[in-house]
Structures are given as structure tokens and as C-alpha cells.
Amino acid sequence: MTEAMPVPVAGSTLVMSDGSLRMMTAEMAEALASGSRLLVVNVGPGQNEVLFIAPDEDHAAADAVSRACESFAAMSAVEDGAILKFFALAVERLRDDAVWHKVCAANATDVASALARGRSVGRLKVNDETRQAMIDGLGEWLELGAIRNTVIETVERDGFSIDLVRAPLGVVGFVFEGRPNVIVDACGTLLSGNTVVFRIGSDAIGTARTILCEVVSPALTQAGLPEGAVALVDHASHGSGWSLFSDRRLGLAVARGSGQAVAVLGAIARQSGVPVSLHGRGGAWILVSAGIEREFIVRVISRSLDRKVCNTLNTLCVTRASLDTTLSALIAVARDVTKTYPKGMIVRAGPDSLPLLQPIADSDGITILPLGAADLGTEWEWDDRPEFCFEVIETLDDGYALLNTFSPRFVASLLSYDPAEHARFFSATDCPFVGDGHTRWVDGQYALGKPELGLSNWENGRLLGRSGILAGDSVYTVRMRYSTAGA
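Mapping to numbering that gives the first Met the number 0: the sequence shown position 402 is 401, numbers consecutive.
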């Protein structure tokens with residue numbers, strides 16, 4: 000006879016994943032008694048999270064993954080032409096004004112709800128530009144053509160050969176917040192024969208449902224692909240995302256966004272044995288060397304502040320030798336910025352650099368605020384007023400040290416006319432994306448001509464065998480096929 004599990008009691012001891020202890024609260028005991036699942040996650044040194052996943056959250060995620068798993072098995076019998084037909088049909092659906100009207104109506108409801116809750120809606124809103132970007136992205140996958148089971152390399156040996164074959168990875172779990180168009184972007188995973196499961200936050204879930212129902216699902220059905228090849232976890236709670244990332248049936252977990260929520264998702268996946276592609280914090284750094292022309296600085300900074308996304312300028316490190324020129328450039332940048340953002344821009348500086356900003360303190364469009372010692376790498380979130388950190392450095396090596404210490408190790412750019420300085424910059428900075436101009440180039444569509452599934456920084460370690468841009472055609476594994484033909 001099996002013994003019944005003891006009823007959880009407030010005051011009992013929980014053992015954390017790092018061996019530390021925590022007392023169970025009355026709220027925890029009540030959640031467990033109601034059937035919720037307990038998940039203890041170590042996010043980092045001394046950072047333990049006790050999470051509870053309700054039965055309905057677990058069911059929503061598990062159901063979506065099950066449908067994606069069944070569809071993945073069915074994809075092996077699907078012709079490549081059917082996959083390409085899906086992209087063509089999805090483009091047709093997006094070009095249909097009646098379909099797009101439904102998407103916009105759902106999005107207007109999502110935007111109104113988000114604003115009522117005090118949420119940022121800069122990335123939530125869809126418009127004609129969003130529509131065209133989705134159409135272009137699907138068209139690029141269509142143009143790329145079939146890549147599933149293609150031979151990457153053939154190794155000839157004495158009496159046999161080995162083919163290295165690009166093969167489907169499996170079910171890709173995807174969590175993102177507030178950007179409903181990502182659903183269409185991530186359909187690129189189908190190109191390699193994968194299937195995908197989405198979990199989207201409450202801000203954008205209405206828009207996501209409509210895109211799935213009006214664009215993706217009809218195109219899947221008409222193309223002859225299994226409908227569950229693109230599945231939505233129809234639950235907006237964080238618990239459904241935690242459940243999805245703890246499902247060991249995933250071949251890859253992808254989290255877009257930043258902050259603690261993404262860190263927790265990454266920890267859950269790793270702890271569950273699921274490979275993860277994690278964005279984490281964003282924010283780009285620009286270092287200015289000596290002797291740089293004012294107009295060049297203006298162009299680079301203005302281009303890097305056109306809107307708030309992960310690759311926007313977040314920290315500007317200026318050598319003392321270029322300080323006067325850079326301050327003059329910032330006045331011109333503020334003039335450019337106010338054309339789009341009437342409130343101007345905010346420049347934050349620490350105690351050593353703050354006095355050096357006094358020459359531009361009264362300039363139109365510039366607000367100068369103090370910066371805490373530990374806040375140099377903070378990713379400033381803004382919708383209507385660009386905001387970035389400012390730091391004066393004695394040498395470029397000082398800047399590299401600050402970048403590697405405080406930044407999310409993501410995007411770094413050096414303004415310099417010296418090739419030797421650029422060579423040193425590339426080797427000294429611990430970032431996957433390095434440049435010599437504006438920072439907004441770090442984008443799958445702009446840089447590679449492919450819709451990105453996510454960008455990865457190096458805050459949580461370097462990636463094995465691939466770049467920091469995850470695109471639909473890079474989600475695959477490699478099989479080997481031995482052949483004795485003709486031996």
C-alpha cells in the first residue's frame with residue numbers, strides 16, 4: 000500500500016537548490032495544498048526563487064507542447080514544398096486588408112488595456128510598417144528555400160564517406176512579452192522542419208491569438224502542415240511560461256526580453272536540462288577615442304537613439320581627450336532628438352563625470368541627472384525620452400574594463416580612426432557584437448536579412464557553435480550519414 004504524501008505545513012523547511020534553507024509560508028502551503036506544483040530555482044549566487052505553477056497553467060503549457068510534439072513527428076512525412084507553400088500563404092493572409100483589420104482591432108484593445116495598467120506600449124503597437132516587416136520576413140524564408148536534410152559537408156575516407164546533414168532540432172519553446180509580430184518571425188523555425196510553441200504576456204495575447212487564428216493557422220492547414228506545428232500556450236500568466244520552460248520535451252527554449260523575468264526563465268530551462276537561448280539585459284556601449292570629428296559623433300549617437308530597443312545606446316564612454324568635441328556633439332544630438340522626442344534626452348553621469356557635463360547643462364533638450372556608482376550598466380527603459388549614461392575615461396583600456404564589468408556584454412562600438420585601436424577593442428571587449436559606428440545594426444533583419452528569433456548577450460556565458468543572432472534557419476542539429484556506396 001502506497002503511503003499518502005504528507006500535507007504541506009506552514010513553518011516546515013524547504014531546501015533550496017544551492018543547499019540553503021527557507022521556511023515555508025502559509026501562502027506557500029496553501030498553494031501546494033490546492034494542487035500547485037512547487038519549483039525551486041537558483042537564478043544566481045544567493046538568488047533562489049520559489050515558484051508555484053497552478054494546475055491550469057501546467058495543463059495549458061503541456062497541452063501546447065504535446066500538440067507540437069505530435070506535429071513534429073508528422074513533419075517528417077511533409078514535403079519541403081508544403082513548408083514553402085505555408086510561407087507564401089501566410090504572406091497572402093497578411094496582405095489581405097480584411098485580415099489585417101482584425102489584427103489591428105485586436106491590437107487596439109491590447110494597447111488600451113496595457114495603457115490602463117500603466118504599461119509601455121512602444122513595442123506592442125502594430126502598424127503598416129510592422130505589417131510590411133512581417134511580410135518581408137516570411138518572403139525571405141520563402142526565397143531561402145528548403146534547407147531541411149541538406150548536406151552541410153561530405154568527408155571522404157578510404158572506402159566510405161560521411162555526410163554531415165542539417166536536421167530538425169525538435170520543438171522550440173518561445174517566451175516573449177509585448178511584441179506580437181514575433182509569432183510570424185519565429186515561423187522561420189519551420190524551415191528546418193521544427194515546430195514551435197509560444198507563450199506571450201498579457202499585454203499582447205489578444206493580438207497574438209488573432210495573428211495565429213487569422214494568419215498562421217489557415218496557412219498551415221491550406222499548405223498541408225499539421226496545425227499544431229505552431230502552437231500557443233493560451234494562458235498569459237508567468238506560471239505558464241515557467242511550466243513551458245521546465246518541459247523536457249523541448250529541443251530549445253528561447254526567451255526574449257530582459258531583466259529578472261528572463262533570468263528566471265533561463266534558470267528554469269537549464270535546471271530542467273533544456274538548452275536555452277537567452278537574451279537577458281540589453282543596452283549598447285559606445286566608446287569615443289581621441290580626435291574624432293564632431294559630425295561623425297553626432298551621426299552615430301543620433302542613429303543609436305532613434306528608438307528604445309535592446310541595441311539602443313545605453314552607455315557613452317568618452318576619453319578626456321575627446322570630451323570637448325563630444326559635448327558639442329551632444330548639443331547637436333539633442334537638437335536631432337527633439338524632432339522626434341519633444342521632451343529631449345536625459346544624460347546620467349556619476350559623481351566624477353557629472354561636473355564635466357556643466358558646459359551643456361543649460362542646453363535645450365538636455366536634462367542631466369546623477370548616476371549611482373553601481374548603475375553604469377543599467378538598461379534605461381524609455382518610450383518618449385531617450386536616456387543614457389555618460390562616463391569620462393582616461394584611456395580606452397579603462398573603458399574596456401568598465402564595459403566588461405558593468406555592461407551586459409552585448410553590443411559595443413568604438414569610434415576611432417586607428418586600426419590598431421580597433422584590433423585591441425575587438426580582442427579586449429567581451430561582447431558578441433562589435434562595431435565602429437551606430438549600434439542599431441545588431442538586428443537579424445538589418446544585419447543578416449533574416450527575421451530574428453532572438454539575440455543573445457554574453458552576460459550568462461558564450462554560445463556554443465553559433466552567433467548571438469538566432470534565426471529560423473539556424474535552429475537545427477547535425478546528423479551523420481555513413482555511406483559505403485562504391486567502396
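We treat Cβ as the ideally placed atom computed from N, Cα and C, and that holds for glycine. Note that the structure is predicted; figures quoted are calculated from it, not measured.
Query                                                                                                                                                  : Result
Under three-state DSSP, which class holds Asp233?                                                                                                      : coil
Count the C-beta pairs between the region 319-333 and the region 281-292 that are closer than 8 Å, then say yes if the count reaches three, no if not. : yes
Let me know the secondary structure DSSP gives Cys383 once reduced to three states.                                                                    : Going by the sequence as given, residue 383 is Asp instead of Cys. Of the three classes helix, strand and coil, the one that applies to Asp383 here is coil, per DSSP.
Are the CB atoms of Leu452 and Gly187 within a distance shorter than 8 Å?                                                                              : yes
Quick check on Thr366: does DSSP put it in helix, strand or coil?                                                                                      : strand
Could you compute how far the alpha carbon of Ser119 sits from the alpha carbon of Ala113?                                                             : 7 Å
Would you report the Cα separation of Leu353 and Phe424, rounded to the nearest angstrom?                                                              : 26 Å
Apart from the five residues just before and just after Val214, which ones in its own chain have a Cβ nearer than 8 Å to its Cβ?                       : Ala89, Arg92, Leu93, Val98, Val102 and Val183
Leu368: buried (16+ other C-beta within 10 angstroms of its C-beta) or exposed?                                                                        : exposed
Starting from Leu83, trace the alpha helix (DSSP H) both ways and give me its first and last residue.                                                  : Asp79 to Arg94
For Asn126 versus Thr206, is the C-beta spacing smaller than 8 Å?                                                                                      : no
Return the chain-ordered ranges of every alpha helix (DSSP H) run that is complete within the region 250-309 and spans a minimum of 4 residues.        : 259-270 and 293-302
On the DSSP bridge assignment, give the partners of Phe489 in chain order.                                                                             : Absent from the structure is residue 489, since the part of the chain shown begins at 0 and ends at 486.
Which first and last residues belong to the alpha helix (DSSP H) in which Leu402 is found?                                                             : Leu395 to Phe405
Classify Leu224 as helix, strand or coil using the three-state DSSP reduction.                                                                         : coil
Identify every residue that forms a DSSP beta bridge with Ile199.                                                                                      : Phe175
From Ser191 to Ala61, what does the alpha carbon distance come to, in whole angstroms?                                                                 : 23 Å
Does the distance from the C-beta atom of Leu370 to that of Gly343 stay below 8 Å?                                                                     : no
I need the straight-line Cα distance from Val477 to Pro341, nearest angstrom please.                                                                   : 52 Å
Using alpha carbons as the reference points, say which of Ala320, Ala373, Ser201 and Thr220 lies closest to Leu286.                                    : Ala320
Do Leu277 and Ala260 have their beta-carbon atoms positioned less than 8 Å apart in this structure?                                                    : no
How would you call Arg408, buried or exposed, if buried means at least 16 neighbouring beta carbons within 10 angstroms?                               : buried
Which two residues bound the contiguous alpha helix (DSSP H) that contains Leu418?                                                                     : At residue 418 the sequence reads Pro, which differs from the Leu that was named. Segment Pro418 to Ala427, the alpha helix (DSSP H) holding Pro418.
In the DSSP assignment, the alpha helix (DSSP H) including Gly138 goes from what residue to what residue?                                              : Asp127 to Leu143
Rounded C-beta distance between Leu312 and Phe244? I'm assuming under 8 Å.                                                                             : Actually they are not in contact, since the Cβ atoms of Leu312 and Phe244 sit about 31 Å apart, beyond 8 Å.
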